[in-house]
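Shown next, in the form of C-alpha coordinates:
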(Lines of atoms letter the chains of each structure in order from A and count residues from 1; the text may use other names and numbers.)
(Lines give C-alpha, C1' and ligand atoms only; values in the text may rest on other atoms or scores of the structure.)
Protein backbone atom coordinates (compact mmCIF):
# COMPACT_ATOMS: atom_id res chain seq x y z
CA UNK A 1 0.00 0.00 0.00
CA UNK A 2 1.71 3.20 -1.20
CA UNK A 3 0.66 6.74 -0.36
CA UNK A 4 1.45 9.79 -2.44
CA UNK A 5 2.61 12.92 -0.66
CA UNK A 6 -0.84 14.43 -0.97
CA UNK A 7 -2.39 11.42 0.79
CA UNK A 8 -0.29 11.85 3.91
CA UNK A 9 -1.72 13.83 6.82
CA UNK A 10 0.41 16.91 6.90
CA UNK A 11 2.70 16.52 9.89
CA UNK A 12 3.63 13.04 8.80
CA UNK A 13 6.23 15.00 6.85
CA UNK A 14 8.19 15.26 10.09
CA UNK A 15 9.26 11.68 9.56
CA UNK A 16 12.10 10.82 7.25
CA UNK A 17 10.29 11.30 4.00
CA UNK A 18 11.07 7.82 2.78
CA UNK A 19 8.11 7.00 5.02
CA UNK A 20 5.87 8.23 2.27
CA UNK A 21 5.89 4.64 1.07
CA UNK A 22 4.12 3.87 4.35
CA UNK A 23 4.82 0.23 4.96
CA UNK A 24 2.18 -2.19 6.14
CA UNK A 25 3.18 -4.98 8.50
CA UNK A 26 -0.21 -6.62 7.94
CA UNK A 27 -3.11 -5.96 5.57
CA UNK A 28 -4.92 -4.04 8.30
CA UNK A 29 -2.03 -2.15 9.88
CA UNK A 30 -0.20 0.84 8.44
CA UNK A 31 3.16 1.70 9.96
CA UNK A 32 4.93 5.04 9.59
CA UNK A 33 8.59 4.59 10.59
CA UNK A 34 10.58 7.38 12.20
CA UNK A 35 7.52 9.26 13.43
CA UNK A 36 8.74 9.41 17.03
CA UNK A 37 12.23 9.73 18.47
CA UNK A 38 13.94 6.38 18.97
CA UNK A 39 17.03 7.13 21.07
CA UNK A 40 15.83 6.84 24.71
CA UNK A 41 19.25 7.07 26.45
CA UNK A 42 20.24 10.30 24.70
CA UNK A 43 16.75 11.76 25.05
CA UNK A 44 16.65 10.91 28.75
CA UNK A 45 19.96 12.68 29.38
CA UNK A 46 19.08 15.66 27.18
CA UNK A 47 15.56 16.07 28.56
CA UNK A 48 16.69 15.80 32.17
CA UNK A 49 19.34 18.46 31.57
CA UNK A 50 16.81 20.69 29.82
CA UNK A 51 14.30 20.28 32.64
CA UNK A 52 16.84 21.24 35.31
CA UNK A 53 17.99 24.25 33.28
CA UNK A 54 14.37 25.34 32.77
CA UNK A 55 13.64 25.11 36.49
CA UNK A 56 16.74 27.17 37.31
CA UNK A 57 15.78 29.91 34.84
CA UNK A 58 12.17 29.98 36.08
CA UNK A 59 13.30 30.30 39.71
CA UNK A 60 15.70 33.10 38.81
CA UNK A 61 12.98 34.85 36.77
CA UNK A 62 10.57 34.81 39.71
CA UNK A 63 13.07 36.91 41.68
CA UNK A 64 13.01 39.74 39.14
CA UNK A 65 10.79 42.81 38.94
CA UNK A 66 7.36 41.91 37.55
CA UNK A 67 7.55 44.81 35.08
CA UNK A 68 10.84 43.67 33.59
CA UNK A 69 10.38 42.67 29.94
CA UNK A 70 13.05 39.96 30.03
CA UNK A 71 11.23 38.35 33.00
CA UNK A 72 7.99 38.08 31.03
CA UNK A 73 9.85 36.70 28.01
CA UNK A 74 11.78 34.01 29.89
CA UNK A 75 8.88 32.90 32.09
CA UNK A 76 6.63 32.19 29.11
CA UNK A 77 9.51 30.66 27.17
CA UNK A 78 10.62 28.19 29.83
CA UNK A 79 7.05 27.51 30.95
CA UNK A 80 6.79 25.67 27.63
CA UNK A 81 10.18 23.96 27.82
CA UNK A 82 9.85 22.65 31.40
CA UNK A 83 6.72 20.44 30.98
CA UNK A 84 7.90 19.16 27.60
CA UNK A 85 11.28 18.17 29.05
CA UNK A 86 9.68 16.51 32.09
CA UNK A 87 7.26 14.56 29.90
CA UNK A 88 10.11 13.44 27.66
CA UNK A 89 12.06 12.25 30.72
CA UNK A 90 9.08 10.08 31.69
CA UNK A 91 8.66 8.75 28.14
CA UNK A 92 12.37 7.96 27.74
CA UNK A 93 12.48 6.19 31.11
CA UNK A 94 9.45 4.06 30.21
CA UNK A 95 11.03 3.26 26.84
CA UNK A 96 14.21 2.07 28.55
CA UNK A 97 12.04 -0.16 30.77
CA UNK A 98 10.24 -1.50 27.65
CA UNK A 99 6.92 -0.23 28.97
CA UNK A 100 6.55 2.12 25.99
CA UNK A 101 7.55 1.28 22.43
CA UNK A 102 10.95 2.74 21.49
CA UNK A 103 11.04 1.81 17.79
CA UNK A 104 9.98 5.30 16.71
CA UNK A 105 7.18 3.84 14.58
CA UNK A 106 3.61 5.09 14.49
CA UNK A 107 1.01 2.30 14.29
CA UNK A 108 -2.42 3.38 13.11
CA UNK A 109 -4.17 0.35 14.58
CA UNK A 110 -2.67 0.80 18.07
CA UNK A 111 -1.56 4.42 18.68
CA UNK A 112 0.20 5.18 21.96
CA UNK A 113 -1.50 8.09 23.73
CA UNK A 114 1.59 9.01 25.77
CA UNK A 115 3.77 9.25 22.66
CA UNK A 116 1.09 11.30 20.89
CA UNK A 117 0.92 13.78 23.79
CA UNK A 118 4.72 13.92 23.81
CA UNK A 119 4.67 14.69 20.09
CA UNK A 120 2.27 17.60 20.64
CA UNK A 121 4.38 19.02 23.50
CA UNK A 122 7.49 18.68 21.35
CA UNK A 123 5.79 20.64 18.57
CA UNK A 124 4.93 23.42 21.01
CA UNK A 125 8.44 23.64 22.47
CA UNK A 126 10.04 23.67 19.02
CA UNK A 127 8.06 26.81 18.05
CA UNK A 128 7.88 28.80 21.28
CA UNK A 129 11.29 30.48 21.01
CA UNK A 130 10.68 31.83 17.51
CA UNK A 131 7.38 33.49 18.46
CA UNK A 132 8.54 35.00 21.75
CA UNK A 133 11.90 36.12 20.35
CA UNK A 134 10.02 37.80 17.51
CA UNK A 135 7.91 39.68 20.07
CA UNK A 136 11.08 40.72 21.92
CA UNK A 137 12.82 42.18 18.87
CA UNK A 138 9.54 43.79 17.76
CA UNK A 139 9.15 45.56 21.12
CA UNK A 140 12.82 46.58 21.09
CA UNK A 141 12.41 48.05 17.62
CA UNK A 142 9.22 49.89 18.61
CA UNK A 143 10.81 51.34 21.76
CA UNK A 144 13.54 53.02 19.66
CA UNK A 145 11.72 53.74 16.40
CA UNK A 146 8.32 54.77 17.81
CA UNK A 147 8.90 55.49 21.54
CA UNK A 148 5.64 57.41 22.05
CA UNK A 149 3.54 54.62 20.55
CA UNK A 150 5.48 52.10 22.60
CA UNK A 151 4.88 54.00 25.83
CA UNK A 152 1.18 54.42 25.05
CA UNK A 153 0.28 50.92 23.89
CA UNK A 154 2.87 48.59 25.40
CA UNK A 155 2.78 49.07 29.14
CA UNK A 156 3.67 46.20 31.51
CA UNK A 157 0.16 44.69 31.53
CA UNK A 158 -0.18 44.79 27.76
CA UNK A 159 3.29 43.32 27.30
CA UNK A 160 2.29 40.44 29.55
CA UNK A 161 -0.92 40.00 27.56
CA UNK A 162 1.02 40.12 24.28
CA UNK A 163 3.33 37.31 25.36
CA UNK A 164 0.38 35.35 26.72
CA UNK A 165 -1.35 35.59 23.33
CA UNK A 166 1.91 34.51 21.68
CA UNK A 167 2.06 31.50 23.99
CA UNK A 168 -1.55 30.53 23.18
CA UNK A 169 -0.80 30.93 19.47
CA UNK A 170 2.07 28.44 19.72
CA UNK A 171 -0.08 25.97 21.66
CA UNK A 172 -2.82 26.21 19.02
CA UNK A 173 -0.33 25.67 16.18
CA UNK A 174 1.24 22.73 18.03
CA UNK A 175 -2.11 21.02 18.61
CA UNK A 176 -3.60 21.68 15.17
CA UNK A 177 -0.28 20.79 13.55
CA UNK A 178 -0.45 17.28 14.97
CA UNK A 179 -4.11 16.35 15.22
CA UNK A 180 -4.52 15.26 11.58
CA UNK A 181 -1.29 13.27 11.72
CA UNK A 182 -2.90 10.51 13.74
CA UNK A 183 -5.71 9.69 11.33
CA UNK A 184 -5.73 7.86 8.02
CA UNK A 185 -7.66 10.28 5.81
CA UNK A 186 -9.36 9.18 2.61
CA UNK A 187 -8.45 11.26 -0.42
CA UNK A 188 -11.12 13.52 -1.90
CA UNK A 189 -13.13 13.87 1.31
CA UNK A 190 -13.88 17.12 3.10
CA UNK A 191 -11.56 16.11 5.94
CA UNK A 192 -8.78 15.51 3.41
CA UNK A 193 -9.26 19.04 2.03
CA UNK A 194 -9.30 20.48 5.55
CA UNK A 195 -6.07 18.64 6.37
CA UNK A 196 -4.41 20.18 3.31
CA UNK A 197 -5.63 23.65 4.29
CA UNK A 198 -4.38 23.11 7.84
CA UNK A 199 -1.01 21.93 6.55
CA UNK A 200 -0.37 25.14 4.61
CA UNK A 201 -1.81 27.28 7.40
CA UNK A 202 0.46 25.69 9.99
CA UNK A 203 3.50 26.02 7.74
CA UNK A 204 2.64 29.69 7.22
CA UNK A 205 2.29 30.18 10.98
CA UNK A 206 5.74 28.63 11.41
CA UNK A 207 7.59 30.39 8.60
CA UNK A 208 6.04 33.86 8.83
CA UNK A 209 7.05 34.59 12.47
CA UNK A 210 10.52 33.18 11.78
CA UNK A 211 10.89 35.48 8.77
CA UNK A 212 9.57 38.48 10.70
CA UNK A 213 11.89 37.73 13.61
CA UNK A 214 14.93 37.80 11.33
CA UNK A 215 13.66 41.00 9.70
CA UNK A 216 13.06 42.83 12.99
CA UNK A 217 16.31 41.45 14.38
CA UNK A 218 18.22 43.50 11.80
CA UNK A 219 15.81 46.43 12.04
CA UNK A 220 16.24 46.57 15.83
CA UNK A 221 20.03 46.56 15.53
CA UNK A 222 19.93 49.26 12.85
CA UNK A 223 17.52 51.43 14.88
CA UNK A 224 19.60 51.12 18.05
CA UNK A 225 22.77 52.07 16.17
CA UNK A 226 21.06 55.07 14.56
CA UNK A 227 19.76 56.27 17.92
CA UNK A 228 23.21 55.80 19.48
CA UNK A 229 24.84 57.89 16.74
CA UNK A 230 22.34 60.69 17.34
CA UNK A 231 23.10 60.62 21.06
CA UNK A 232 26.85 60.81 20.46
CA UNK A 233 26.42 63.76 18.07
CA UNK A 234 24.70 65.63 20.90
CA UNK A 235 27.58 64.81 23.23
CA UNK A 236 25.76 62.10 25.20
CA UNK A 237 27.10 58.65 25.96
CA UNK A 238 25.91 55.73 23.84
CA UNK A 239 26.80 53.09 26.43
CA UNK A 240 23.17 52.22 27.16
CA UNK A 241 22.43 51.65 23.48
CA UNK A 242 25.55 49.53 23.05
CA UNK A 243 24.43 47.29 25.91
CA UNK A 244 20.95 47.08 24.43
CA UNK A 245 22.38 46.06 21.05
CA UNK A 246 24.60 43.45 22.68
CA UNK A 247 21.48 42.13 24.41
CA UNK A 248 19.64 41.74 21.09
CA UNK A 249 22.65 40.03 19.54
CA UNK A 250 23.01 37.69 22.51
CA UNK A 251 19.45 36.39 22.85
CA UNK A 252 18.78 36.13 19.10
CA UNK A 253 21.92 35.18 17.18
CA UNK A 254 22.92 31.69 18.35
CA UNK A 255 19.36 30.35 18.86
CA UNK A 256 18.43 31.64 15.40
CA UNK A 257 21.40 29.88 13.82
CA UNK A 258 20.31 26.64 15.49
CA UNK A 259 16.76 27.15 14.14
CA UNK A 260 17.83 27.62 10.52
CA UNK A 261 17.93 23.86 9.64
CA UNK A 262 14.39 23.43 10.98
CA UNK A 263 13.15 26.38 8.92
CA UNK A 264 14.89 24.95 5.84
CA UNK A 265 13.14 21.61 6.35
CA UNK A 266 9.77 23.35 6.65
CA UNK A 267 10.38 24.96 3.26
CA UNK A 268 11.27 21.54 1.82
CA UNK A 269 8.06 20.03 3.22
CA UNK A 270 6.01 22.72 1.48
CA UNK A 271 7.87 22.05 -1.77
CA UNK A 272 7.23 18.30 -1.55
CA UNK A 273 3.56 18.67 -0.67
CA UNK A 274 2.99 21.20 -3.47
CA UNK A 275 4.51 19.14 -6.28
CA UNK A 276 2.61 15.94 -5.47
CA UNK A 277 3.96 12.49 -6.36
CA UNK A 278 7.74 12.71 -6.10
CA UNK A 279 9.74 9.46 -6.33
CA UNK A 280 11.63 8.44 -3.17
CA UNK A 281 14.89 8.61 -5.14
CA UNK A 282 14.48 12.35 -5.74
CA UNK A 283 17.42 14.39 -4.44
CA UNK A 284 15.13 16.51 -2.26
CA UNK A 285 14.72 13.51 0.05
CA UNK A 286 18.49 13.09 0.38
CA UNK A 287 18.76 16.77 1.26
CA UNK A 288 16.01 16.49 3.88
CA UNK A 289 17.56 13.35 5.34
CA UNK A 290 20.91 15.13 5.67
CA UNK A 291 19.33 18.22 7.22
CA UNK A 292 17.37 15.98 9.62
CA UNK A 293 20.66 14.68 11.00
CA UNK A 294 21.72 18.29 11.60
CA UNK A 295 18.36 19.08 13.20
CA UNK A 296 18.87 16.17 15.62
CA UNK A 297 22.04 17.74 17.04
CA UNK A 298 20.54 21.23 16.93
CA UNK A 299 17.67 20.01 19.12
CA UNK A 300 20.18 18.71 21.66
CA UNK A 301 22.02 22.01 22.05
CA UNK A 302 19.06 24.35 21.47
CA UNK A 303 17.85 24.85 25.02
CA UNK A 304 21.32 25.07 26.65
CA UNK A 305 22.16 27.77 24.08
CA UNK A 306 18.96 29.65 24.89
CA UNK A 307 19.76 29.47 28.61
CA UNK A 308 23.30 30.72 27.97
CA UNK A 309 21.95 33.51 25.75
CA UNK A 310 19.48 34.51 28.48
CA UNK A 311 22.17 35.00 31.11
CA UNK A 312 24.50 36.74 28.67
CA UNK A 313 21.85 39.06 27.24
CA UNK A 314 19.96 40.27 30.30
CA UNK A 315 21.66 42.16 33.13
CA UNK A 316 19.14 41.16 35.87
CA UNK A 317 20.06 37.51 35.33
CA UNK A 318 23.78 38.23 35.34
CA UNK A 319 23.36 40.30 38.50
CA UNK A 320 21.78 37.37 40.32
CA UNK A 321 24.60 35.06 39.19
CA UNK A 322 27.21 37.60 40.31
CA UNK A 323 25.48 38.13 43.66
CA UNK A 324 25.41 34.37 44.24
CA UNK A 325 29.10 34.11 43.41
CA UNK A 326 29.83 37.07 45.65
CA UNK A 327 28.01 35.51 48.60
CA UNK A 328 30.00 32.34 48.10
CA UNK A 329 33.24 34.29 47.90
CA UNK A 330 32.35 36.22 51.06
CA UNK A 331 31.75 32.99 52.94
CA UNK A 332 35.09 31.59 51.83
CA UNK A 333 36.93 34.81 52.65
CA UNK A 334 35.23 35.13 56.03
CA UNK A 335 36.64 31.74 56.97
CA UNK A 336 40.09 33.02 56.06
CA UNK A 337 39.51 36.12 58.20
CA UNK A 338 39.48 38.66 55.41
CA UNK A 339 36.87 40.71 53.64
CA UNK A 340 35.34 40.03 50.21
CA UNK A 341 35.44 42.70 47.53
CA UNK A 342 32.26 44.07 46.08
CA UNK A 343 31.41 43.33 42.46
CA UNK A 344 29.90 46.33 40.69
CA UNK A 345 27.47 46.03 37.82
CA UNK A 346 26.19 48.60 35.39
CA UNK A 347 22.52 47.68 34.88
CA UNK A 348 21.14 47.31 31.39
CA UNK A 349 18.21 49.65 30.79
CA UNK A 350 14.80 48.11 30.92
CA UNK A 351 12.30 48.56 28.15
CA UNK A 352 9.38 50.06 29.98
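Residue numbers (mature numbering (1 follows the signal peptide of the UniProt record, and there is no 0)): -25 to -1, 1 to 327.
Where is the CB? At the ideal position from N, CA and C, for every residue including glycine.
Please read these numbers as outputs of a predicted model, since none were measured by experiment.
Could you give the first and the last residue of the continuous alpha helix (DSSP H) run that contains residue 209? Unbroken run through residue 209: none, as it is neither H nor E.
What do you reckon, are the CB atoms on residue 284 and residue 226 nearer than 8 Å? yes
Round the Cβ separation of residue 216 and residue 148 to the nearest angstrom and send it over; I've been treating them as touching at under 8 Å. Their Cβ separation, rounded to whole angstroms, is 35 Å, which puts residue 216 and residue 148 out of contact at 8 Å.
Quick check on the burial criterion: 16 or more other C-beta atoms within 10 angstroms. Buried or exposed for residue 15? buried
Return the CA-CA distance between residue 92 and residue 205, expressed in angstroms with no decimal places. 52 Å
With distances taken between CB atoms, is the gap from residue 153 to residue 213 smaller than 8 Å? no
Going by C-alpha distance, which of 249, 241, 273 is nearest residue 262? 241
Measure the CB-CB distance between residue 60 and residue 29 and report whether it falls below 8 Å. yes
Do you know how far the Cα of residue 131 is from the Cα of residue 197? 25 Å
Quick one: what does DSSP say residue 77 is sitting in, helix, strand or coil? coil
CA-to-CA distance, residue 243 to residue 174, given in whole angstroms: 13 Å
When the Cα atoms are used, what is the spatial distance from residue 100 to residue 237? 13 Å
Would you identify the three-state DSSP class for residue 96, choosing helix, strand or coil? helix
Consult DSSP for residue 152 and reduce its assignment to one of helix, strand or coil. helix
Three-state secondary structure (DSSP) of residue 13: coil
Are the CB atoms of residue 106 and residue 74 nearer to each other than 8 Å? No. Outside cutoff.
Select from 138, 89, 292, 141 the residue whose C-alpha is nearest the C-alpha of residue 12. 89
Can you list the alpha helix (DSSP H) stretches of 4 or more residues lying completely in the stretch 85 to 143, in chain order? Restricted to the stretch 85 to 143, the alpha helix (DSSP H) segments that are unbroken, complete and at least 4 residues in length are 88 to 120, 122 to 128, listed in chain order.
Of the listed residues 281, 109, 239, nearest to residue 266 (C-alpha basis): When only C-alpha atoms are compared, the closest one is 239.
State the Cα-Cα distance for the pair residue 194 and residue 70, rounded to the nearest angstrom. When only Cα atoms are considered, residue 194 and residue 70 end up about 46 Å apart.
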